Amino acid sequence: MHETLDRLARAGLYQPGKGRIGRNSEGLDLLRQITFTGTRHDYTLMRGVYELCQRMGPELAALAAARVTNSLRSGLRSVAAALDSTEDLCQRYELSFEFWQRTGSGTDSSLFAVITNNLRVVADPCAGLLAPTMAPGLRRGDLYLELAEAIAETDIELSRALARRLLALLCDPVIAVARSLEASH
6 MHETLDRLAR AGLYQPGKGR IGRNSEGLDL LRQITFTGTR HDYTLMRGVY ELCQRMGPEL
66 AALAAARVTN SLRSGLRSVA AALDSTEDLC QRYELSFEFW QRTGSGTDSS LFAVITNNLR
126 VVADPCAGLL APTMAPGLRR GDLYLELAEA IAETDIELSR ALARRLLALL CDPVIAVARS
186 LEASH
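6 is the number of the first residue of the sequence shown in the working numbering; add one for each residue after it.
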C-alpha cells in the first residue's frame with residue numbers, strides 16, 4: 006500500500022498528509038506516469054496491466070457483442086482481416102491494439118474506452134519487446150476473425166470464450182517475462 010501511495014505521489018495524483026487522491030487533468034498519460042519511474046520500467050505494474058487485460062478483455066468482448074452496432078461490426082471485421090492478411094509482427098501488434106480499442110469503444114462505455122486507450126499508452130513504449138513476446142496471439146489472425154464474427158453476430162458467450170483464449174495467448178507470455186524481470190531486479 007505504501008509503495009502504491011508513493012507512486013501516486015510521484016505522479017502528482019496523491020498529496021501525502023492530506024489524504025487526497027486527485028488529478029488536475031484527465032489526459033491519457035496517467036498509467037504511463039505511474040508505470041515509468043525515471044528511466045526504469047516498473048515490471049510489477051506492467052504485469053498487473055496485462056493481468057487486467059486478461060480479466061477485463063472477455064467481459065469487454067461480451068459487452069461489445071451485446072451492444073454491437075453496424076459500425077462496430079464492419080470495423081472489427083476490417084481490422085481482423087487486415088491483421089490476418091499481414092505477416093509483419095509489428096503491423097499485427099498495431100492492428101491488435103486497434104481491434105481492442107474498437108472493441109472497448111463498442112461497449113458504449115466511456116470507462117472501458119478510457120481503460121483500453123490507457124493500456125495502449127502503457128504498452129507502446131515497450132512495443133519492440135512486446136510484439137515478439139505476444140507473437141503466439143498475434144499470429145492467430147484466425148482467432149481475431151472468429152472473435153470479430155462472434156461479436157458481430159451478438160454471440161455473447163462465444164465472444165467471451167474467444168477473447169479469453171486469444172488474451173491468454175497474448176498476455177501469458179508478457180506476464181511471464183514481467184515476472185522474470187521483476188525477479189531479476
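No residue lacks a Cβ here, since even glycine has one placed at the ideal position from N, Cα and C. For clarity, every value in this text was computed on a predicted model and none was experimentally measured.
Continuous alpha helix (DSSP H) stretch holding residue i: start and end
i	result
Asp147	Gly146 to Ala157
Asp89	Asn75 to Ser90
Ser114	Looking at the DSSP string, Ser114 is not in any alpha helix (DSSP H), and its letter there is neither H nor E.
Met51	Tyr48 to Ala71
Asp177	Ile161 to Ser189
Cα-Cα separation, residue i to residue j
i	j	result
Ala67	Val179	24 Å
Thr108	Thr138	22 Å
Gly142	Leu135	11 Å
Phe104	Ala70	14 Å
Tyr149	Asp89	8 Å
Val119	Ser189	32 Å
Ala181	Phe102	20 Å
Leu163	Leu186	34 Å
Leu202	Asp160	Residue 202 is absent from the structure shown; the chain starts at 6 and stops at 190.
Ala183	Ser83	32 Å
Leu65	Thr112	7 Å
Glu92	Arg144	8 Å
Ser114	Ala87	26 Å
Leu57	Cys176	10 Å
Ala85	Ile156	12 Å
Gly62	Asn122	13 Å
Gln59	Leu172	6 Å
Leu77	Leu152	12 Å
Glu154	Asp147	11 Å
Phe106	Thr49	It should be pointed out that residue 106 corresponds to Gln in this sequence rather than to Phe. The alpha-carbon atoms of Gln106 and Thr49 are separated by roughly 23 Å.
Gly133	Arg125	14 Å
Arg197	Ala140	The question about residue 197 has no answer here: the residues shown for the chain are numbered 6 through 190.
Classification of residue i by the beta-carbon crowding that lies within 10 angstroms, buried from 16 upward
i	result
Ile99	Looking at the sequence itself, residue 99 is Glu, so the reference to Ile does not match. Flag for Glu99 reads buried.
Arg97	buried
Cys95	exposed
Thr74	exposed
Glu31	Caution applies to Glu31, whose pLDDT of 43 falls short of 50 and renders its modelled position unreliable; the value that the coordinates give is listed next. Exposed: under 16 other Cβ atoms inside 10 Å.
Gly80	buried
Glu158	exposed
Leu116	exposed
Asp129	exposed
**Report entry** Given 8 Å, three or more beta-carbon pairs between the region 50 to 58 and the region 161 to 171
**Finding:** no
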